[in-house]
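Number of protein chains: 2
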Amino acid sequence: MTTQIGILVVGNEILDGMVLDTNSQWIINQLKALNLQVSEKMTVRDEAKVIARAIRRMISNGDNLIFTTGGLGPTHDDKTLMGVAMAFELPLELNDAALRIVTRQYADMHQRGIIGTSEITEPRRKMAILPRGARPLDNRVGGAPGVVLEIEGAQIISLPGVPGELMWIFDNQLLGLLKGKVEGAFAEDVIYLPLRDESTLAPIIDEVMQEVPGVYIKSMVKPYGESGIRLWISAGGQSQAEVEERVNRVANLLVKRCEEQLPNS
Amino acid sequence: MTTQIGILVVGNEILDGMVLDTNSQWIINQLKALNLQVSEKMTVRDEAKVIARAIRRMISNGDNLIFTTGGLGPTHDDKTLMGVAMAFELPLELNDAALRIVTRQYADMHQRGIIGTSEITEPRRKMAILPRGARPLDNRVGGAPGVVLEIEGAQIISLPGVPGELMWIFDNQLLGLLKGKVEGAFAEDVIYLPLRDESTLAPIIDEVMQEVPGVYIKSMVKPYGESGIRLWISAGGQSQAEVEERVNRVANLLVKRCEEQLPNS
């Protein structure tokens with residue numbers, strides 16, 4: 001089945017002009033490297049009914065992969081999961097796996113002295129209450145797990161609105177799922193760079209992604225038992241030869257630029 | 266009748282990640298100063314059917330003021346007006362007033378040496394073809410007029426996607442219409458500043474708008490028969506006393522900051 005993708009941006013802060021939505025552009029560009037195209041985007045306020053209605057509309061438009069961004073947090077106006085549950089008439093219930101993520105994150109933040117108590121208060125517990133049948137996506141940056149719900153032949157993937165959390169979950173929890181949806185040609189390569197510091201690499205990656213658009217580059221720092229940095233490079237397109245050439249070009253560019261940097265790193 | 270506002274962003278370039286949509290945030294913030302709130306935003310591809318469907322949905326959601334951005338230009342993929350016409354089953358026809366705007370703009374660009382011919386070619390003529398019953402909004406920045414269509418108790422306002430053109434039309438052609446929709450308290454003031462140069466003023470306006478949110482400041486340079494710069498300051502809110510105080514505070518701040526700048530300007 002062809003994947004048809006919709007993005008639902010949830011948040012009064014967007015529709016009141018306080019925050020510029022950059023998350024959806026980031027998601028779009030990551031999907032592009034997997035040869036996946038977004039068909040529509042909707043932006044709605046923090047109201048469960050309105051969120052539910054938007055999801056129903058996307059489903060009736062034929063979207064079978066729907067990303068929601070925002071509204072997963074601990075406060076009363078974080079209503080995305082309530083909206084998802086309402087869209088499919090599902091009850092909301094405490095999810096044990098989600099609760100373990102929330103508990104670990106607050107214990108970790110407490111240990112690092114960021115927060116005063118690791119107690120799972122009612123607002124924190126709220127983030128582990130998911131629509132029945134949904135599963136959490138680990139979040140190691142913030143407190144709110146992402147959520148995947150598979151229903152009616154569609155997948156609803158809910159991500160937090162905080163860009164760093166959204167990006168971490170996307171990069172670390174969703175690529176397997178998304179790679180299964182790639183159509184047409186797809187190529188990937190994993191390379192190792194002898195850099196010690198990811199911050200040296202960041203501008204190089206930015207530069208190369210500008211030079212060769214439509215390529216996804218993911219850096220994986222400090223893998224167990226290895227020194228250096230591991231990079232996953234992937235691209236999608238129509239012709240297998242072309243996407244392989246594109247991935248190779250990026251791999252070569254990255255190696256070359258890193259070698260130029262080595263004396264300074 | 267209460268005004269309920271939707272924004273429809275049209276453009277593959279947005280959904281393909283090439284361009285970040287900043288127009289809708291700009292519109293939202295201008296409306297906020299008039300105490301008008303946006304209820305939803307949709308972003309769709311350049312397909313007439315999809316545009317028409319989105320407009321129908323907004324109408325059925327209760328939106329009675331719909332802004333569209335993008336898709337008014339001369340190329341074959343500029344299909345917003347086709348979508349608007351389709352949404353209301355209207356024919357598209359050459360609009361004389363729109364054609365006069367297009368003709369004047371290309372004559373002007375030709376005179377200024379920007380383009381080689383002022384001839385109204387088929388692509389240029391396309392920008393004057395509007396849904397029956399619509400009227401054009403003057404555009405003195407680019408070639409494509411904005412368009413207002415009043416139908417089924419709603420107003421559909423179509424603006425070009427180029428930010429400078431969108432802003433010019435909004436500032437110069439729409440404020441009268443929008444001021445008629447203000448509910449609750451509203452206050453405005455016009456002040457004159459003895460500056461010679463608008464560029465000196467721009468950072469001061471930015472600074473003051475940051476300090477006092479929810480205020481609209483429009484500068485009008487070189488009005489006929491006057492020296493200096495004229496500023497229109499307006500704000501909406503719940504309490505008349507509060508919005509008047511807010512507008513006064515802004516007026517005073519602007520005068521003070523400009524006086525501080527005067528020796529350098």
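So the sequences go chain by chain: A and B. Residues 1 to 265, numbered by the working numbering, are exactly what the first sequence covers, in order. Residues 266 to 530, numbered by the working numbering, are exactly what the second sequence covers, in order. Where is the CB? At the ideal position from N, CA and C, for every residue including glycine.
Would you kindly report the start and end of the unbroken alpha helix (DSSP H) that includes residue i?
{"i": "D361 (chain B)", "result": "361 to 376"}
{"i": "P123 (chain A)", "result": "122 to 126"}
{"i": "S383 (chain B)", "result": "No alpha helix (DSSP H) contains S383 (chain B), which DSSP labels as neither H nor E."}
{"i": "P428 (chain B)", "result": "428 to 434"}
{"i": "L15 (chain A)", "result": "12 to 15"}
{"i": "T345 (chain B)", "result": "345 to 352"}
Return yes when the Cβ of residue j is within less than 9 Å of the Cβ of residue i, no when it is not.
{"i": "F67 (chain A)", "j": "S158 (chain A)", "result": "yes"}
{"i": "V9 (chain A)", "j": "G70 (chain A)", "result": "yes"}
{"i": "T308 (chain B)", "j": "L20 (chain A)", "result": "no"}
{"i": "R140 (chain A)", "j": "N172 (chain A)", "result": "yes"}
{"i": "G282 (chain B)", "j": "N29 (chain A)", "result": "yes"}
{"i": "L193 (chain A)", "j": "G228 (chain A)", "result": "yes"}
{"i": "E40 (chain A)", "j": "G11 (chain A)", "result": "no"}
{"i": "N64 (chain A)", "j": "G133 (chain A)", "result": "no"}
{"i": "L177 (chain A)", "j": "Q261 (chain A)", "result": "no"}
{"i": "L299 (chain B)", "j": "K483 (chain B)", "result": "no"}
{"i": "I421 (chain B)", "j": "I320 (chain B)", "result": "yes"}
{"i": "L337 (chain B)", "j": "R310 (chain B)", "result": "no"}
{"i": "R237 (chain B)", "j": "R57 (chain A)", "result": "Chain B is shown from 266 up to 530; residue 237 (chain B) falls before or after that span and cannot be answered."}
Where residue i and residue j are concerned, what is the direct C-alpha to C-alpha distance, given to the nearest angstrom?
{"i": "A532 (chain B)", "j": "S289 (chain B)", "result": "Any property of residue 532 (chain B) remains undetermined from this structure, which presents chain B solely from 266 to 530."}
{"i": "I469 (chain B)", "j": "A363 (chain B)", "result": "36 Å"}
{"i": "E183 (chain A)", "j": "Y106 (chain A)", "result": "39 Å"}
{"i": "L296 (chain B)", "j": "V303 (chain B)", "result": "8 Å"}
{"i": "P339 (chain B)", "j": "P388 (chain B)", "result": "5 Å"}
{"i": "P488 (chain B)", "j": "P356 (chain B)", "result": "Bear in mind that a pLDDT of 45 at P488 (chain B), under 50, signals an unreliable position, so the number given afterwards is only what the model happens to contain. Taking the straight line from one Cα to the other gives about 40 Å."}
{"i": "E47 (chain A)", "j": "D206 (chain A)", "result": "37 Å"}
{"i": "T345 (chain B)", "j": "G408 (chain B)", "result": "15 Å"}
{"i": "Q503 (chain B)", "j": "V190 (chain A)", "result": "59 Å"}
{"i": "S266 (chain A)", "j": "N252 (chain A)", "result": "Lying before the first or after the last residue shown, residue 266 (chain A) is absent from chain A, which here runs from 1 to 265."}
{"i": "H375 (chain B)", "j": "E259 (chain A)", "result": "52 Å"}
{"i": "D373 (chain B)", "j": "P428 (chain B)", "result": "20 Å"}
{"i": "W497 (chain B)", "j": "R377 (chain B)", "result": "30 Å"}
{"i": "L466 (chain B)", "j": "R495 (chain B)", "result": "11 Å"}
{"i": "V412 (chain B)", "j": "L439 (chain B)", "result": "11 Å"}
{"i": "T267 (chain B)", "j": "G236 (chain A)", "result": "48 Å"}
{"i": "V473 (chain B)", "j": "G116 (chain A)", "result": "37 Å"}
{"i": "G327 (chain B)", "j": "M432 (chain B)", "result": "26 Å"}
{"i": "S325 (chain B)", "j": "L414 (chain B)", "result": "17 Å"}
{"i": "R249 (chain A)", "j": "V215 (chain A)", "result": "10 Å"}
{"i": "M475 (chain B)", "j": "D78 (chain A)", "result": "Rather than Met, the amino acid found at residue 475 (chain B) in this sequence is Gln. Cα-Cα distance, rounded: 27 Å."}
{"i": "I379 (chain B)", "j": "H76 (chain A)", "result": "55 Å"}
{"i": "A52 (chain A)", "j": "L36 (chain A)", "result": "24 Å"}
{"i": "S118 (chain A)", "j": "K181 (chain A)", "result": "39 Å"}
{"i": "L165 (chain A)", "j": "R104 (chain A)", "result": "Note that residue 165 (chain A) corresponds to Glu in the displayed sequence, not to Leu. Using only the alpha carbons, I get a separation of about 15 Å."}
{"i": "E278 (chain B)", "j": "D138 (chain A)", "result": "32 Å"}
{"i": "E453 (chain B)", "j": "Q269 (chain B)", "result": "23 Å"}
{"i": "I416 (chain B)", "j": "E358 (chain B)", "result": "17 Å"}
Hey, residue i and residue j are a contact pair by Cβ (cut 8 Å); roughly how many whole angstroms apart?
{"i": "V212 (chain A)", "j": "R257 (chain A)", "result": "About 12 Å; that fails the 8 Å criterion."}
{"i": "I385 (chain B)", "j": "V367 (chain B)", "result": "7 Å"}
{"i": "M351 (chain B)", "j": "K314 (chain B)", "result": "7 Å"}
{"i": "V508 (chain B)", "j": "F451 (chain B)", "result": "6 Å"}
{"i": "P136 (chain A)", "j": "P145 (chain A)", "result": "4 Å"}
Tell me which residue opens and which closes the beta strand (DSSP E) that residue i is part of.
{"i": "Q155 (chain A)", "result": "154 to 159"}
{"i": "R57 (chain A)", "result": "R57 (chain A) -> not in any beta strand (DSSP E); alpha helix (DSSP H) instead, spanning 48 to 60."}
{"i": "A187 (chain A)", "result": "185 to 193"}
{"i": "M42 (chain A)", "result": "38 to 44"}
{"i": "V147 (chain A)", "result": "146 to 151"}
{"i": "I494 (chain B)", "result": "494 to 502"}
{"i": "V520 (chain B)", "result": "That residue, V520 (chain B), is in no beta strand (DSSP E); its alpha helix (DSSP H) goes 505 to 526."}
{"i": "I129 (chain A)", "result": "129 to 131"}
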